[in-house]
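Remarks on the structure that follows.
There are 2 protein chains.
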Amino acid sequence: MKLLEERIIKDGVFLGNDILKVDNFLNHQIDVALLDKMGAEWARLYEGEKITKILTIEASGIGIACIAARHFGSCPVLFAKKSKSSNIGDDFYTAKAYSFTHGNVNDIVVSKKYLGKGDRVLIIDDFLANGEALLALTSICNKAGAEIAGVGIAVEKWYQGGGDKIRDMGIRVESLAKIKKMEDGRIEFC
Amino acid sequence: MKLLEERIIKDGVFLGNDILKVDNFLNHQIDVALLDKMGAEWARLYEGEKITKILTIEASGIGIACIAARHFGSCPVLFAKKSKSSNIGDDFYTAKAYSFTHGNVNDIVVSKKYLGKGDRVLIIDDFLANGEALLALTSICNKAGAEIAGVGIAVEKWYQGGGDKIRDMGIRVESLAKIKKMEDGRIEFC
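Here the protein sequences line up with chains S and Y, keeping their order. Quick note on my numbering: the first sequence kicks off at 1 and runs consecutively. Quick note on my numbering: the second sequence kicks off at 191 and runs consecutively.
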């Protein structure tokens, strides 16, 4: 999606250690008009897929998912929570996700009440790098017996391999900006 | 707002210890169509207030704020982050907020880049009880020199006093559902 690529070049900040900051428009301050165009693009890509629910993970995915949902007939959004405790009883589907950013493991949880057989899910998130969070979300869908129609990602750091790992599982992944490499503060899209 | 009150009665779950669960439609699964009507109502209440930015706090506030922003000319949304460390350098405004739910203190942080003089802020959040999170957000606005036009809350537990504490500071608070008391699983609105 040209618009998002241009915005990353204009407002993204490249730090060392593979870090691209987009907190100007995506995950701290949020450009809602941009999110709306991103939602329209996923709706175009997933037209006819009969999505019943959008699944995301706190925190940065929530705004993107809510605005996108308006383009999918205002279907419900469900956000997985990062739990401090893995001992939360039987009412939740859980999965573990290692965070490379924070160097810790999160237990992510989704209430069994809100995901199940008959759901056709679009998973949405802001970033896809190593794919750990996304693997955890797909695992939760599998445990719930929900069908995964596909994934919508704002920014995929393709060279980190997470996206292709998910695609190799037969899951459709549509990333609106797909970064081939970042070097010396320069960015190259796929 | 009648619609939200009716939804709380229909889908809210009352647990002991003053806890009202609205994770069916507000802070786990999200009814985006309801959020859209809530956003329209705040826009009606704050008409002419020339809001330049909507400020909220992760995680549950983000979806509500993003959908509401569409009714304020798609003004930017800014969400405060809960930081694990108070030692985050000079680039952030910080404030402390005690969480009664989790029994801990969060340092909440907002980048100095995205809030400042000339901003006229609407603060939005899902719940208002003791007012700790809201006080922290107002403190951050004050540190930034930003003007607070008012506050938009989905569910205010009025009997816990946080809302009136903020109103006594001269800040306008518009809660769409204002709970006078909860007793024996019954709820009474103001």
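Here a beta-carbon is modelled for each residue, glycine too, at the ideal position from N, C-alpha and C.
For the region 235 to 260 of chain Y, list every residue whose C-beta sits within 7 Å of some C-beta in chain S, in sequence order.
So the close ones are E248, A249, I252, G253, C256, I257, A259, R260.
Assuming V121 (chain S) and I148 (chain S) make a contact with CB atoms under 8 Å, what is their CB distance in whole Å?
5 Å between Cβ atoms; contact.
Would you mind sorting N294 (chain Y) into buried or exposed? The rule is 16 or more other CB atoms within 10 Å of its CB.
Exposed, since its Cβ has fewer than 16 Cβ neighbours within 10 Å.
Fully enclosed by the region 227 to 288 of chain Y, which beta strand (DSSP E) runs are 3 residues long or longer?
Entirely contained in the region 227 to 288 of chain Y, the beta strand (DSSP E) runs reaching 3 residues are, in chain order, 243 to 247, 267 to 273.
Is the beta carbon of T56 (chain S) sitting closer than 7 Å to the one on F79 (chain S)?
Cβ distance < 7 Å, so T56 (chain S) and F79 (chain S) count as in contact.
According to DSSP, which residues form a beta bridge with A177 (chain S)?
Partner(s): S:V155.
Could you confirm whether any beta carbon from chain S is found closer than 7 Å to the beta carbon of L205 (chain Y)?
Taking Cβ atoms only, chain S never reaches closer than 7 Å to L205 (chain Y), which makes this a no.
Can D316 (chain Y) and G251 (chain Y) be called in contact, C-beta distance under 7 Å?
Yes.
Any C-beta of chain S sitting closer than 7 Å to the C-beta of S289 (chain Y)?
No, S289 (chain Y) lies away from the interface with chain S (no Cβ there is under 7 Å from its Cβ).
Count the C-beta pairs between the region 288 to 306 of chain Y and the region 19 to 29 of chain S that are closer than 8 Å, then say yes if the count reaches three, no if not.
Judged by Cβ distances under 8 Å, the region 288 to 306 of chain Y makes contact with the region 19 to 29 of chain S, as three or more pairs qualify.
What number of angstroms, rounded off, separates the C-alpha of R193 (chain S) from the C-alpha of V22 (chain S)?
Residue 193 (chain S) is absent from the structure shown; chain S starts at 1 and stops at 190.
Does V77 (chain S) have its Cβ less than 7 Å from a Cβ in chain Y?
The C-beta of V77 (chain S) comes closer than 7 Å to at least one C-beta of chain Y.
Output yes or no for whether 7 Å exceeds the beta carbon distance between I124 (chain S) and L137 (chain S).
The answer is no: Cβ separation not under 7 Å.
Looking only at C-alpha atoms, which of Y:V341, Y:E239, Y:D208, Y:M228 sits nearest to M191 (chain Y)?
For the set Y:V341, Y:E239, Y:D208, Y:M228, the Cα lying nearest the Cα of M191 (chain Y) is the one of Y:M228.
Beta-carbon neighbours of A33 (chain S), restricted to chain Y and to distances below 7 Å:
By Cβ distance, chain Y contributes S264.
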